[in-house]
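Protein chains: 2
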Amino acid sequence: MGKPVPATGQAPNPLVVNVSARHCHLTQEAVEALFGKGHQLTPMKWLYQEGQFAAKETVTLVGPRSRVISNLRILGPCRTLNQVELAYTDAIALGFDIPLRQSGKIEGTPGGMLMGPEGFFEMPDGIIRAERHVHMHPEDAAHYGVSAGDRMKLKIGGPCAVTFDEMLVRVDESFKLEVHIDTDEGNAVNLKPDTPCELVK
Amino acid sequence: MGKPVPATGQAPNPLVVNVSARHCHLTQEAVEALFGKGHQLTPMKWLYQEGQFAAKETVTLVGPRSRVISNLRILGPCRTLNQVELAYTDAIALGFDIPLRQSGKIEGTPGGMLMGPEGFFEMPDGIIRAERHVHMHPEDAAHYGVSAGDRMKLKIGGPCAVTFDEMLVRVDESFKLEVHIDTDEGNAVNLKPDTPCELVK
Chain A
-11 MGKPVPATGQ APNPLVVNVS ARHCHLTQEA VEALFGKGHQ LTPMKWLYQE GQFAAKETVT
49 LVGPRSRVIS NLRILGPCRT LNQVELAYTD AIALGFDIPL RQSGKIEGTP GGMLMGPEGF
109 FEMPDGIIRA ERHVHMHPED AAHYGVSAGD RMKLKIGGPC AVTFDEMLVR VDESFKLEVH
169 IDTDEGNAVN LKPDTPCELV K
Chain B
-11 MGKPVPATGQ APNPLVVNVS ARHCHLTQEA VEALFGKGHQ LTPMKWLYQE GQFAAKETVT
49 LVGPRSRVIS NLRILGPCRT LNQVELAYTD AIALGFDIPL RQSGKIEGTP GGMLMGPEGF
109 FEMPDGIIRA ERHVHMHPED AAHYGVSAGD RMKLKIGGPC AVTFDEMLVR VDESFKLEVH
169 IDTDEGNAVN LKPDTPCELV K
C-alpha cells in the first residue's frame, strides 16, 4: 500500500503512509526453534524501509484462550527480541488484552505461544499494539521541525476522513520518511492509494 | 459501551459515543424466511435509542467467496428494508468490497445470502459500511447549531487520540444524542468508558 504524497513546502522526500498488518519480529533463536536448526528467513517482499522484508515464513500464534491466528507474517531480518504486533481487532478475536507500546518497549506485556512447522517457541512477553509512528531521516525531521520522541498529527482526507493524533516521531539515519498505521486505523479511514494525507505538527 | 460525557456549554443532554459492532436490520418477511412463519424477534438487550434492541436471534452471512460471518446480530424492531452493516475489517475477511453509505441508502450496493435455522434469505443488495453518524434530538441540533445532513467532527482523546471528520448529523424527534462509530473506528481509538470525547462543528 505504498502511497507517496507530496508533503507541504519544500519537503525533501514524499510522504508515504503504509498500513502494517499484524506481524512479528523474531530472534534467530526463535526462528530456529520454529523452522529448524540453522534456518534462515527467506525474503518474500522487500519493504519500504531499507533492508526490511516480509519473509516467506509465517507462524501460528496461540492466545490465552486457545484461539489462534494463523499465517502470522514474520518480518526480517532477525532482531534481538521477539515481538508480535497486532491490531486491537486481532487481539479481541484472540482473547488478548494488549497494551499500546512503542516498538521494543515490551516490559510487562503479555506473551503467547508460537507454532512453526518444526516446533514451538514460547514468548514470555512481547505482544503489543504498536504505537502509530512516522519513520524519518534526520533531514525529514529538520524539515518538519521535530525530534525523535515528538508527536505529530496525520490528517487523512476522503469520505472517512480522520486526523490521527499522537503520531510518534522516530528518527534514524537509516530511515526513509514513512508513516505506519495498523489495520484498524487503515480500515477506519479506508486508506487507498489516492487518499490525501498530510503530516502536521 | 454507553459513555455519557458532558458536552461543552449548556448542552441539554450528555454526549454518548457507542461502537456499533457488525449487525443487520431485517424485514418481517426475511425474519420469517430465516426463523419460520410468524416468528417475532425477541429483545435480548435494549439499546440507547428508544425502542431499539439487539435481538436474541442471529444469522449467518455468506459472502461471495463462500466465506461466512456467523452470529451476525439482528437489531430490532423489523424495518422496511434489509441491511447488513459491517466494518471494513469484516468485509475484507469476507471477501466483499463494500461501499460507505448512510443507513437506508442501499441502491447499487452488494448483496449476499443469509442463513437461519429455518431457511435462507437472499439479499440482492444492502451490505454497507454505515457512515459514522450522530443521532440528535432537535434540541441537541439547536444547541450545536447544526441541521440534519450536516457534518461534524468527533474529537476523541487518550493515547490513541483521533479526530473523526465527516460525522453525519441525523435529527429526529425520537432520537437521543448518541454517536455511532464502527468497530474499526472504535478499535483505532481504543474507546473506553473513560475516554474523553467532544463533538465539534
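Chains as they are written, first to last, in the working numbering: chain A, -11 to 189; chain B, -11 to 189.
Using N, Cα and C, we set each Cβ at its ideal position, and we do this for glycine too.
How big is the Cα-Cα spacing for residue i and residue j?
i: E154 of chain A; j: D138 of chain A; result: 9 Å
i: H2 of chain B; j: L165 of chain B; result: According to the sequence shown, residue 2 of chain B is Pro rather than His. Going from the Cα of P2 of chain B to the Cα of L165 of chain B covers about 7 Å.
i: E127 of chain A; j: P0 of chain A; result: 7 Å
i: P65 of chain B; j: L156 of chain B; result: 23 Å
i: M32 of chain B; j: L49 of chain B; result: 20 Å
i: R89 of chain B; j: I116 of chain B; result: 6 Å
i: D172 of chain B; j: R120 of chain B; result: 11 Å
i: D160 of chain A; j: A79 of chain A; result: 30 Å
i: K93 of chain B; j: V7 of chain B; result: 21 Å
i: L179 of chain B; j: E45 of chain A; result: 34 Å
i: A130 of chain A; j: L142 of chain A; result: 17 Å
i: S135 of chain A; j: H13 of chain A; result: 26 Å
i: G174 of chain A; j: F163 of chain A; result: 22 Å
i: H11 of chain B; j: H11 of chain A; result: 29 Å
i: P147 of chain B; j: E95 of chain A; result: 18 Å
i: Q(-2) of chain A; j: E38 of chain A; result: 23 Å
i: Q28 of chain B; j: E20 of chain B; result: 8 Å
i: L102 of chain A; j: L102 of chain B; result: 36 Å
Quick one, are the C-beta atoms of residue i and residue j less than 8 Å apart?
i: A43 of chain A; j: T30 of chain A; result: yes
i: V47 of chain A; j: I62 of chain A; result: yes
i: V191 of chain B; j: V167 of chain B; result: Look at the range of chain B in this structure, -11 to 189, and you will see that residue 191 of chain B is not part of it.
i: L187 of chain A; j: M140 of chain A; result: yes
i: K189 of chain A; j: G104 of chain A; result: no
i: E106 of chain A; j: G24 of chain A; result: yes
i: T77 of chain A; j: T15 of chain A; result: no
i: R158 of chain B; j: H125 of chain B; result: no
Quick one: residues in its chain with C-beta nearer than 7 Å to the C-beta of residue i, no 5 flanking neighbours on either side, listed in chain order?
i: W34 of chain A; result: F41
i: G145 of chain B; result: T183, P184
i: G51 of chain A; result: L82, G83, F84, G100
Beta-carbon within less than 6 Å of residue i's beta-carbon, same chain only, minus the 5 sequence neighbours each way: which residues are those?
i: M111 of chain A; result: N70, G99, G100
i: R53 of chain B; result: G83
i: S91 of chain B; result: A118
i: N59 of chain A; result: T46
Since residue i contacts residue j with CB under 8 Å, what's their CB separation in whole angstroms?
i: F84 of chain B; j: L22 of chain B; result: About 20 Å separates the two Cβ atoms, so there is no contact after all.
i: V150 of chain A; j: T151 of chain B; result: 7 Å
i: D170 of chain B; j: A75 of chain B; result: 4 Å
Tell me whether residue i counts as near the ligand GTP, meaning its Cβ is closer than 7 Å to at least one heavy atom of that ligand.
i: G92 of chain B; result: The model on display carries no ligand, and the ligand GTP is accordingly not part of it.
Return the chain-ordered list of same chain residues with a C-beta closer than 8 Å to the C-beta of residue i, the five sequence neighbours on each side being excluded.
i: T97 of chain A; result: I86, P87, R89, D113, G114, I115, I116
i: Y36 of chain A; result: G(-10), V4, N6, K164, E166
### Query
Where in the segment 134 to 161 of chain B do unbroken runs of the beta strand (DSSP E), each at least 3 residues long, occur, reported from the N-terminal end onward?
Every unbroken stretch of the beta strand (DSSP E) spanning 3 or more residues and falling wholly within the segment 134 to 161 of chain B is given here in chain order: 139 to 144, 150 to 159.
### Task
Please specify which runs of the beta strand (DSSP E), each continuous and at least 3 residues long, are wholly inside the segment 0 to 26 of chain A, giving them in chain order.
Within the segment 0 to 26 of chain A, the runs of beta strand (DSSP E) at least 3 residues long that lie entirely inside it are, in chain order, 3 to 8, 11 to 13.
### Query
If you scan the segment 80 to 142 of chain A from start to end, which runs of the beta strand (DSSP E) of 3 or more residues do you find wholly inside it?
The qualifying runs are 100 to 104, 107 to 111, 115 to 118, 121 to 124.
### Continuous beta strand (DSSP E) assignments of at least 3 residues falling wholly in the segment 19 to 65 of chain A
List check, beta strand (DSSP E) in window: 31 to 34, 41 to 50, 56 to 64.
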